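Reading through the structure tokens given below for one structure.
There are 2 protein chains.
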Amino acid sequence: MLDDNDWFTEVHQDAGSAFSLRIRRKVHEEQSPFQTISIYETTDFGHLMVIDGCTMLSSRENFLYHEMLAHPVLFTHPDPRRVCIIGGGDCGTLREVLRHPEVASAVQIDIDERVTRLAERFFPELTAANDDPRTTLLFDDGIRWMREAATASLEVIIIDSTDPVGPAAGLFTDAFYRDCLRVLAPGGLLVQQSESPLYHLDILRGIHRDLRSAGFSDLQTLFFPQTIYPSGWWSATMATRDSTIPAFRAAAANSAFETRYYSADIHRAALAQPPFVTRALRGSGD
Amino acid sequence: MLDDNDWFTEVHQDAGSAFSLRIRRKVHEEQSPFQTISIYETTDFGHLMVIDGCTMLSSRENFLYHEMLAHPVLFTHPDPRRVCIIGGGDCGTLREVLRHPEVASAVQIDIDERVTRLAERFFPELTAANDDPRTTLLFDDGIRWMREAATASLEVIIIDSTDPVGPAAGLFTDAFYRDCLRVLAPGGLLVQQSESPLYHLDILRGIHRDLRSAGFSDLQTLFFPQTIYPSGWWSATMATRDSTIPAFRAAAANSAFETRYYSADIHRAALAQPPFVTRALRGSGD
Chain A
58 MLDDNDWFTE VHQDAGSAFS LRIRRKVHEE QSPFQTISIY ETTDFGHLMV IDGCTMLSSR
118 ENFLYHEMLA HPVLFTHPDP RRVCIIGGGD CGTLREVLRH PEVASAVQID IDERVTRLAE
178 RFFPELTAAN DDPRTTLLFD DGIRWMREAA TASLEVIIID STDPVGPAAG LFTDAFYRDC
238 LRVLAPGGLL VQQSESPLYH LDILRGIHRD LRSAGFSDLQ TLFFPQTIYP SGWWSATMAT
298 RDSTIPAFRA AAANSAFETR YYSADIHRAA LAQPPFVTRA LRGSGD
Chain B
58 MLDDNDWFTE VHQDAGSAFS LRIRRKVHEE QSPFQTISIY ETTDFGHLMV IDGCTMLSSR
118 ENFLYHEMLA HPVLFTHPDP RRVCIIGGGD CGTLREVLRH PEVASAVQID IDERVTRLAE
178 RFFPELTAAN DDPRTTLLFD DGIRWMREAA TASLEVIIID STDPVGPAAG LFTDAFYRDC
238 LRVLAPGGLL VQQSESPLYH LDILRGIHRD LRSAGFSDLQ TLFFPQTIYP SGWWSATMAT
298 RDSTIPAFRA AAANSAFETR YYSADIHRAA LAQPPFVTRA LRGSGD
């Protein structure tokens, strides 16, 4: 039995599994206006941020998620000048976005300022680029922000949300996606983290259905490993405002800057959809 | 805290993590001449086999591992007639091997007959093809078997082993690989399960080094998700007796039979090596 003094455990009730990290100590915990945020010092994963009992990121392997949320969409858009990130308060996705020289402005809208302040303290490597003059950090309701944003004002929208419960539930709806569609400029692309291919096929199916219902016609789901998330396997789903997602800029993807997980080969690989997922998505308009 | 009456937990001491499955009950446990084998009935993963405290397979997601150990190597060899599986006592890899009509004989050599007998009882879907006339099940020391096997007598060797400790340690050595090389016919291929890319880069590096030192010159490592194994992310490494691993038979891979995870696209995708792995493998001869 794992002693709670030595281990942080997240139980995935619906899947019947649990994942634990060995900890030295809990270094911080607070109740923000929106959620409970805990920070642990682990023995092997660096710092761990937990929100409402769910693991959000660890120092050791957040590169997988952040690289895969930022780079595929930014190397697919031919000229990603104006980018917004909905959620993403830990600033790891923002850091990857800012590595793209084509990006002229990056707005991050997270409802909970405390996530960012704690990231500055416990994950400083992720927030080091926040003083980049292209950056705007807003702490606000991303759903309302999108509703009020100017039409055709963004090239790329990245939805870096928590699971579709609590504050993030509204980010997984066709109403929100409709606003995104309106705010995207011609050629604009959206990407949404889309949960585990093994545990959450119903959610993935719902994201596909809602994106299509909102008017997005071409979708691509990317698959990648993510050790601390349920099942250790995760996905992100990309959609275009236009009729077809263009081929990605493979030469740039291979040469623009050094990455740990992402590459042009990994980008192509992430687009390979396992047959059992393809079969499960039938009926969602795919 | 997870109650041991309700959860089976495997602790990955070196990685500082643990993975748990919720159980209804332990349905069997025995000490074989080689190891302790336990079978659990889980709430969401079907049956679970545990050997010496390490999760071996679950009904729910063993298809990932078994398809990825069998199909890439068999669709890469142009004519895989004679196949042997070292280890693999649960017969899941054997089942996938037998789906290839080119296979004329499949010999499985596992040291522990009890693994197979328990698979017949608790994972009957994996052993259903064992009465195929092409099959020979041997319960013997795979290392000695390979040492005594006829030169150039196999097209494909699949090393479906447990971790490189205990009875399986000898399967991760250049001495064993040298025997494999001798036993492979011209054009012959070997594949070895090669642990987690996130947790076990040192083992993966050792496998590459030992395969090269044994005389294998061209290697390919395949990456795939595997929820119940440490980190949820796994690998297998393929090597050729000749100078170059040929292109795989993609048309056959897409049409030969229905699979759940494997496809020609997934085969190509699995070969994409993340940059951090490529950097770690430098110095192993890669």
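First to last, the sequence lines map onto chains A and B.
Counting in the numbering used here, the first sequence tops out at residue 343, every number present.
Counting in the numbering used here, the second sequence tops out at residue 343, every number present.
All C-beta atoms in this analysis are idealised placements derived from N, C-alpha and C, irrespective of residue type, glycine included.
This structure is a prediction, so every number in the text was calculated from the model and none was measured.
The beta carbon of B/P129 does not come within 8 Å of any beta carbon belonging to chain A, so the residue lies off that interface.
DSSP, reduced to helix, strand and coil, places A/I302 outside both helices and strands of the structure shown, so it counts as coil.
Per DSSP, the unbroken beta strand (DSSP E) holding A/A296 starts and ends at W290 to T297.
If you keep only unbroken beta strand (DSSP E) runs of at least 3 residues inside the region 198-269 of chain B, you get 211-217 and 241-250. Around the C-beta of B/G73, 16 or more other C-beta atoms lie within 10 Å, and the residue is accordingly described as buried.
Under DSSP, the beta-bridge partners assigned to A/V164 are A/C141 and A/T193. Of all C-beta pairs linking the region 311-331 of chain A to the region 270-282 of chain A, three or more are shorter than 8 Å, placing the two stretches in contact. Residues R139, A209, S210, L211, E212 and R298 of the same chain have their beta carbon placed closer than 8 Å to that of A/A242, with the five preceding and five following residues left out of the count.
Contacts with chain A at 8 Å (Cβ-Cβ) include B/T99.
Of the candidates A/S300, A/D109, A/D136 and A/P181, A/D136 places its Cα closest to the Cα of A/E159. Remark: C-beta atoms of B/W202 and B/S253 do not approach each other more closely than 8 Å. Look at the region 259-274 of chain B: it has no residue with a C-beta under 9 Å from a C-beta of chain A.
Scanning its chain for C-beta atoms nearer than 6 Å, with the 5 sequence neighbours on each side dropped, one finds around B/R317 the residues F120, in chain order.
Between B/G144 and B/T219, the CB-CB gap stays under 8 Å. Three or more Cβ pairs closer than 8 Å define a contact, and the region 256-268 of chain A falls short of that threshold against the region 299-313 of chain B. In terms of beta-carbon proximity, B/D63 stays away from the interface with chain A, with every pair separated by 8 Å or more. Identification of residues in the region 66-77 of chain A having a C-beta nearer than 7 Å to some C-beta of chain B yields T66, A72, G73, S74, A75, F76 and S77, given in sequence order. A distance below 6 Å between beta-carbons, with the five flanking residues on each side excluded, links B/S89 to the following residues of its chain, in chain order: D169 and R171. The residues I96 and E98, in chain order, have a CB closer than 6 Å to that of B/V84 in the same chain once the five nearest residues on each side in sequence are set aside. When the beta-carbon positions are compared, B/L183 and B/C237 stay at least 8 Å from each other.
Taking 7 Å as the Cβ-Cβ cut-off, the region 274-296 of chain B approaches chain A at P282, T284, S288, G289 and W290, given in chain order.
Sequence-distant partners of B/I80 (beyond 5 residues in either direction) whose C-beta falls short of 6 Å from its own C-beta, in its chain, are F65, Y97 and T99. Neighbours of B/M58 in chain A, taken as residues at a C-beta separation under 9 Å, are given in chain order as M58, L59, D60, D61, W64 and T66. Assigned with DSSP and collapsed to three states, A/H134 falls in coil, not helix or strand. DSSP, reduced to helix, strand and coil, places A/S312 within a helical segment of the structure shown. The Cβ atoms of A/Y319 and A/H128 sit closer than 8 Å to each other. The secondary-structure analysis by DSSP pairs A/D275 across a beta bridge with A/T297.
No residue range can be given for A/T100, since it is assigned to no beta strand (DSSP E) and is classified by DSSP as neither H nor E.
Of A/A226, A/F179, A/G272 and A/S77, the smallest CA-CA separation from B/E67 is found for A/S77. Close partners of A/S320 in chain B (Cβ separation under 8 Å): A329, P331 and P332. Following the DSSP letters along the chain, one finds B/L78 inside the beta strand (DSSP E) bounded by residues S74 to Q88.
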